[in-house]
Amino acid sequence: MTSALVDAVDSVSALDAASALASTGGAVEILATRHAYVAFALLLCIGLYMMIANPNLVKKIIGLNLFQTAIFLLFIASAYVEGGSIPIVPTGGPEGGLYVSPLPHVLVLTAIVVGVSLTAVGLALCIRIYDEYGTLRTDTLRELLRDEGSIPSRRSPGEPGTDGASSASDAGGEADD
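Residue 1024 in my numbering is what sits at position 170 of the sequence shown, and the numbering runs on without skipping anything.
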């Protein structure tokens, strides 16, 4: 009886291992066939990380461009229709069939123009900031603006007139590391 139970457990674990291999093989097959979505996820994550983690303003703009490119790729990849043709039907031709919608492509073209404009404005602002302050690092800019008086300086917790807590206006709306 015990050996039958052990054999049953071994066969169940073998089936679980086979199904796990089949599921990972299925996942690999899905990733291989949907490579545009994998590229979308990678570009999106890298762009978002660059915008958040980099203290340099130009690198933040590059991260924004990567993020935008990921969104463009998502629109184009989701608009793909297997076996679809262009949505131009010749006169007298067959009216039925599978056609690709041109709307996502038009939206992406418009978004590319907006993205290039946003990049140009951002880089122009970076040039002006560098000419004025001599740096593009956000932490250094924040300190320079505090010294200049544009951002209120932070009060120490023991300073009179405070309850020991720092408000958002005391920190200039952003928390320093």
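Ideal Cβ placement from N, Cα and C applies to all residues, glycine included. In this text, all values refer to a predicted model and were calculated from it rather than measured experimentally.
Distance between beta carbons of residue j and residue i, contact taken as under 8 Å
i       : j       : result
Gly-901 : Leu-920 : 3 Å
Leu-911 : Thr-994 : Wrong, their Cβ atoms sit about 11 Å apart, outside the cutoff.
Tyr-984 : Leu-990 : 6 Å
Ser-955 : Ala-933 : 6 Å
Ser-939 : Leu-957 : The pair is not a contact, with the Cβ atoms about 16 Å apart (cut-off 8 Å).
Phe-926 : Ala-965 : 6 Å
Burial state of residue i, where buried means 16 or more other Cβ atoms lie within 10 Å
i        : result
Gly-917  : buried
Ile-1005 : buried
Ala-895  : exposed
Leu-1032 : Within the shown structure, residues of the chain are numbered from 855 to 1031, placing residue 1032 beyond reach of any answer.
Length of the line joining the Cα atoms of residue i and residue j
i        : j        : result
Lys-914  : Tyr-891  : 23 Å
Ala-881  : Arg-888  : 10 Å
Asn-908  : Arg-1008 : 23 Å
Ala-871  : Thr-945  : Below a pLDDT of 50, predicted positions are generally treated as unreliable, and Ala-871, at 47, falls in that range; no measurement from the model is reported.
Ile-981  : Gly-988  : 10 Å
Leu-963  : Val-970  : 11 Å
Thr-923  : Met-905  : 14 Å
Glu-883  : Val-968  : 36 Å
Asp-1024 : Glu-986  : Because Asp-1024 carries a pLDDT of 47, less than 50, the predicted location of this residue cannot be relied on, and the following value inherits that uncertainty. The straight-line gap from Cα to Cα measures roughly 24 Å.
Leu-972  : Leu-979  : 11 Å
Glu-997  : Gly-937  : 58 Å
Tyr-903  : Ala-893  : 15 Å
Val-935  : Pro-941  : 12 Å
Val-960  : Arg-1000 : 45 Å
Val-943  : Cys-899  : 40 Å
Residues bridged to residue i [DSSP beta-bridge criterion]
i       : result
Arg-982 : DSSP lists no partner for Arg-982.
Tyr-953 : Ser-939
Asn-910 : Arg-991
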